[in-house]
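Note that UniProt numbering has the sequence shown beginning at 1, numbered continuously upward.
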Amino acid sequence: MTTIEPRRKPDSDHRAYRLIQLPNGLDCVLISDPETQTAAAAMAVAAGQLQDPPEVQGLAHFCEHMLFLGNKKFPGESDFDSFCAQSAGYSNAWTSLDRTVYHFMLAHDRLYDALDRFSGFFSAPLFLEDLTERELNAIDSENNKNLQEDSRREFQLWRSSSKDGHPVQRFGTGNYKTLHDMPLETGTNIREHLLRFWEQNYSANIMKLSILGRESLDTLESWSRTLFSDVPNHKIEPLRGVLKEDDPFTSSWKSLYHIVPVKERRKLVLYFPTDSTYPNFRQKPTRFLSHCLGHEGPGSVLSLLKKKGWATDLGAGTATQSTHFALFEVSIKLTEEGMPHYEEVIDLVFQYINSCLRATNNDERRRIRHECEMLEELNFRFRNRVREDQFTEQLACNLTRYPREEVLCGPDLFYDPLDFDALDALIDRHFNAKNLRIDLVAPLADQPLDGETEWAEETWYKTKYVRRDISPALIARWSDRSIPCHPELHLPRANPYTPEQWELKGDLQCSTAPTKVIDTDTVQAWHVLDTTFGVPKASVRIQISSFVGEKCARKAVSLRMLLELIQEVTNEEAYDAEEAGLVFDISNTSASSPCTGLRLSFKGYDHKMPVLVSNMLSCIANFKVKDHESVFELVKQKTIVDYRNRRFQQSYFHCVTATNQVLEHPFWSNEERLRELETLTGVEVQDFLKEFLDNLLIEAFIVGNFSAEEAVKMITESLSPLQPKALEGDSKPCLCITQIPEGETWVHEELGPDPDAVDSAISVYYQIGERTVDIDVRLELLCQVMDKEMYAQLRTVEQLGYIVAAVETKKWGVCGLKCLVQSVQCPQHLEVRMENFFMCFEKKLQEMPGEEYADHVESLITKKQERDRSVDRMCERLMTELCAHTFVFDRKEKEVAALRAVTKESLIEFFRKYFSVHRAAVDACKAEGKEVHLSAESKGTIRRYAPGSNPYPAPDMGQASRGWGAAEQFVSEDVSALRQSASRLRVQK
1 MTTIEPRRKP DSDHRAYRLI QLPNGLDCVL ISDPETQTAA AAMAVAAGQL QDPPEVQGLA
61 HFCEHMLFLG NKKFPGESDF DSFCAQSAGY SNAWTSLDRT VYHFMLAHDR LYDALDRFSG
121 FFSAPLFLED LTERELNAID SENNKNLQED SRREFQLWRS SSKDGHPVQR FGTGNYKTLH
181 DMPLETGTNI REHLLRFWEQ NYSANIMKLS ILGRESLDTL ESWSRTLFSD VPNHKIEPLR
241 GVLKEDDPFT SSWKSLYHIV PVKERRKLVL YFPTDSTYPN FRQKPTRFLS HCLGHEGPGS
301 VLSLLKKKGW ATDLGAGTAT QSTHFALFEV SIKLTEEGMP HYEEVIDLVF QYINSCLRAT
361 NNDERRRIRH ECEMLEELNF RFRNRVREDQ FTEQLACNLT RYPREEVLCG PDLFYDPLDF
421 DALDALIDRH FNAKNLRIDL VAPLADQPLD GETEWAEETW YKTKYVRRDI SPALIARWSD
481 RSIPCHPELH LPRANPYTPE QWELKGDLQC STAPTKVIDT DTVQAWHVLD TTFGVPKASV
541 RIQISSFVGE KCARKAVSLR MLLELIQEVT NEEAYDAEEA GLVFDISNTS ASSPCTGLRL
601 SFKGYDHKMP VLVSNMLSCI ANFKVKDHES VFELVKQKTI VDYRNRRFQQ SYFHCVTATN
661 QVLEHPFWSN EERLRELETL TGVEVQDFLK EFLDNLLIEA FIVGNFSAEE AVKMITESLS
721 PLQPKALEGD SKPCLCITQI PEGETWVHEE LGPDPDAVDS AISVYYQIGE RTVDIDVRLE
781 LLCQVMDKEM YAQLRTVEQL GYIVAAVETK KWGVCGLKCL VQSVQCPQHL EVRMENFFMC
841 FEKKLQEMPG EEYADHVESL ITKKQERDRS VDRMCERLMT ELCAHTFVFD RKEKEVAALR
901 AVTKESLIEF FRKYFSVHRA AVDACKAEGK EVHLSAESKG TIRRYAPGSN PYPAPDMGQA
961 SRGWGAAEQF VSEDVSALRQ SASRLRVQK
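Quick look at the structure:
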């Protein structure tokens, strides 16, 4: 029953902390934040996929699902999820190799009731027989959606190829076969396995609880002891049944694996098994290795590979680990030109390890380590707040890895000087050619294999692969430290963006109102001085708008190429800045406002931010494609592959794309963009840049630790190279949404482009109209009530699929509701079930008790009263208003006032007005290889149903579905023609 405090906390963190251990051995970290509007909690259990019995693989994951489906005190199958949703929150969980983590967040005044329900997960779950059978379908659906995901396939392959019989070898996700059929074959029941697994692996002494609330520490401690002291303690060891000395990585595993992916991608991954890094958290030696190997600046492996045209990206670090082992990965994205040179790429990696990391003098290595220590210390002192559920989840996990008193800083800080002799010993022992696995991922035609090859197939994902021994000659070559290092390889230089000043420009109460500080025909800039977060940081958004990028598909891909080129050419400088806590990003986003062009984002320490802003804008103004012809070809190929691979996205993504094709003006499909990109030249991109810069509207927001004078100086001087001219005529951004005539229903069907996908999907979009504060809050309140109801009915009860969601849309000033379902079932059936849900939902709204409705309203108000967590979040919120030209900078306050006026009766009327009639675009995506409703004539067309028509009659539960269009007449129109002729909802810039 000991009570202690964390050893350190960030300077900017004014929360109070307490660490306690309950009588049953359960460790808790309690966080009191009197200002929070959101409470959260997380439980980390030191049991995971490595505890799966070989005869019931995926059991830990299945147990995670089942704990949400009722406990002794709260037996309702959706009680916890519904309670969180009703309280403006949500809940989730995940299962890894050696732990399972459950977490939730909700309105602060609902924390005790949530904890009361949450504690039952770990003291008295029900594992009801009928729900067990039903939830098997959810596990199988989750697995189905992952079958075409290359990252999942490659992860499982290295697991499946590990030591026979070792727990690492098992299939952690599970499916219907492993969790139903295989137990039946042995004469056992899956519920019996669940009960046994929970009893053997869920014990208080290997659980770590994190709770954050507005209450005092004494109150939180009292709640913890009251609610969680009855969690049983079986006094077991973590990873029960898994032996540390049982090495899963055999000599057969340490081989060369040629792997054929689903998507078009070329990747080289080097795996070096090591001991777990957690015990050596005080020095963190592998962090030094990942910092150097993964560096992207001059002298790095990636910098050299890019010059050769062999690679586009490189990452290095410990990506997978458990209590007993870790895998250090060097992952390199190869180009087509780089594929035949993969052995030479590995040469360069080992030259860097053997010479730069191993043989460089200690003074140089000490300089780099000191810089890392200083930056980590600075980042810890001025850490940004993260979302409450993410924070409690992180702390619960930290308690499983580090001493309790280091819960806040264990993963981040360097406690002790790095022992370079020990570092060299670590390199010698683990980072050598005899302790190496190579995964070479590439399309079949690109695989460097001679003669006839017999391809093997991984059991669970059917991934095609071939295993080859790494030749003795290669092992000798990569082990030879006498081979000279490439002259362009060296350790990272001193970082020019390391901040040297961090004083605040105001006190902790200083936050000015948004003020326009620049107002010209070409530049509109706003500023907020805010130091209330107590960090020497700022955030800058600069939107460079011009409509030339949306005149046709060719100009759209020219804009995309310009973006990619700027990102690539500035990468080394941007990487240095990011390592020093100053992040730059450039995007072409029009999701939140009717803007088209480039958006530049800067966030982090303010001291050297003006230098970075100036350098990035100067690069755009003075960019010459002819100076970067090799970069152009590399980026073009990378972008072509990206467009090609979009056909392998999840089915619901294709539904969303189909919706956008109908609604958005202008819209250029991936196929159109790909066609234009394949013949696009560097000269055209240069001409496009000139046209783009000739007509601009520049909008900027500067928030944080800059005075108004500093903000004006930074923006004015940085923009001077652009010499912007005012937008004229058709250069003005004017994106808009197709208006669906009131009462009409449009049906748009497409075949899924991936022939091997097993899921279909539907997207049902209900259009409301132009945004207002009143409509926004009614829609958001309705979504809060509806989303979990839809999830509970369509996903949990009817088991239609793993992906079920109802989300509000506010694109380009037009709001609506989008409902998504992805399933192995056909879209016609999914639409019928969704229509039935909407018919039943109105009745649920009418029967909702007044107290429950009031809880929904108050919890949403509480959520909206939450202050911004960082200057960057504040800047993004304000920038959205600026670019949309709504300028409602106090939107949250206005929404709270509007919410208080929304009665239950008015919400029901809102639902009837917009959702009880068919005013929707319905998009269906059908997986190939099954019965296909589409005909050659219907592909690429929209069926328009007149007001009052019902294209998909919704029968009562259990009644057979009627086919689409069976009851009503419709008119077919070409998608492109309809988009041109239909009325549009437009928000003028």
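Yeah, the Cβ is synthetic: ideal placement off N, Cα and C, and Gly gets one too.
Please classify residue i: is it buried, with 16 or more other beta-carbons within 10 angstroms of its beta-carbon, or exposed?
i	result
A711	buried
H370	exposed
S162	buried
L440	buried
D181	exposed
F910	buried
residue 1030	Since the first residue of the chain shown is 1 and the last is 989, residue 1030 is not available in this structure.
A46	buried
R468	exposed
W94	exposed
H14	exposed
C510	exposed
L243	exposed
A88	buried
D501	Before going on, a small fix: residue 501 reads as Gln here, not Asp. That one is exposed.
E895	buried
Please report the straight-line C-alpha distance between residue i and residue j, rounded to a whole angstrom.
i	j	result
R117	I236	25 Å
R403	P411	According to the sequence as given, residue 403 is Pro; it is not Arg. Looking at the two C-alpha atoms, the distance is approximately 11 Å.
L820	Y257	38 Å
W455	Y352	33 Å
G317	C84	36 Å
E798	H61	21 Å
P285	C485	23 Å
P238	F197	14 Å
N432	E633	34 Å
F121	V557	51 Å
Q321	P279	12 Å
S906	Y853	12 Å
D27	Q21	4 Å
Could you tell me whether the Cβ atoms of residue i and residue j are closer together than 8 Å?
i	j	result
Y112	W223	yes
E388	A107	no
D787	A898	no
I942	H748	yes
A396	M43	yes
N382	L413	A small fix is needed here, since residue 382 is Phe in this sequence, not Asn. No. Outside cutoff.
G704	D606	yes
H234	S203	yes
R533	V804	A small correction: the amino acid at residue 533 is Phe; Arg does not occupy that position in the sequence shown. For F533 and V804, no; Cβs fall outside 8 Å.
L563	L598	yes
H49	L97	Residue identity differs from the one stated: residue 49 is Gln in this sequence, not His. Yes; because the gap between Cβ atoms is below 8 Å, this pair is in contact.
A525	I715	yes
residue 990	Q57	Look at the range of the chain in this structure, 1 to 989, and you will see that residue 990 is not part of it.
Using DSSP's beta-bridge definition, name the partner residues of residue i.
i	result
M43	Y102, L209
G317	E329
V56	Its beta-bridge partners do not exist; DSSP assigns none.
K603	S539, V583
F529	Correcting the residue type first, residue 529 is Leu in the shown sequence and not Phe. Per DSSP, G704.
W94	V101
S760	S823
N71	P125
Below 7 Å, is the gap between the Cβ of residue i and the nearest heavy atom of the ligand FMN?
i	result
L600	The model on display carries no ligand, and the ligand FMN is accordingly not part of it.
- Considering only residues of the stretch 138-220, which uninterrupted alpha helix (DSSP H) runs meet the minimum length of 4 residues and lie entirely inside it, listed in chain order? 150-160, 182-185, 190-201
- Identify every run of the alpha helix (DSSP H) within the stretch 787-827, keeping only runs that are complete inside it and at least 4 residues long; order them along the chain. none
- Item | Within the stretch 632-699, ranges of the alpha helix (DSSP H) (whole runs, at least 4 residues) | 651-663, 670-678, 682-694
- Give, in chain order, every unbroken run of the alpha helix (DSSP H) that is at least 4 residues long and sits entirely within the stretch 410-475. 420-430
- Task: Taking only runs that begin and end inside the stretch 861-891, name each unbroken beta strand (DSSP E) of 3 or more residues, in chain order.
- Result: none
- Message: So within the stretch 356-393, which uninterrupted alpha helix (DSSP H) runs reach at least 4 residues, ignoring any that extend past its ends?
- Response: 362-381
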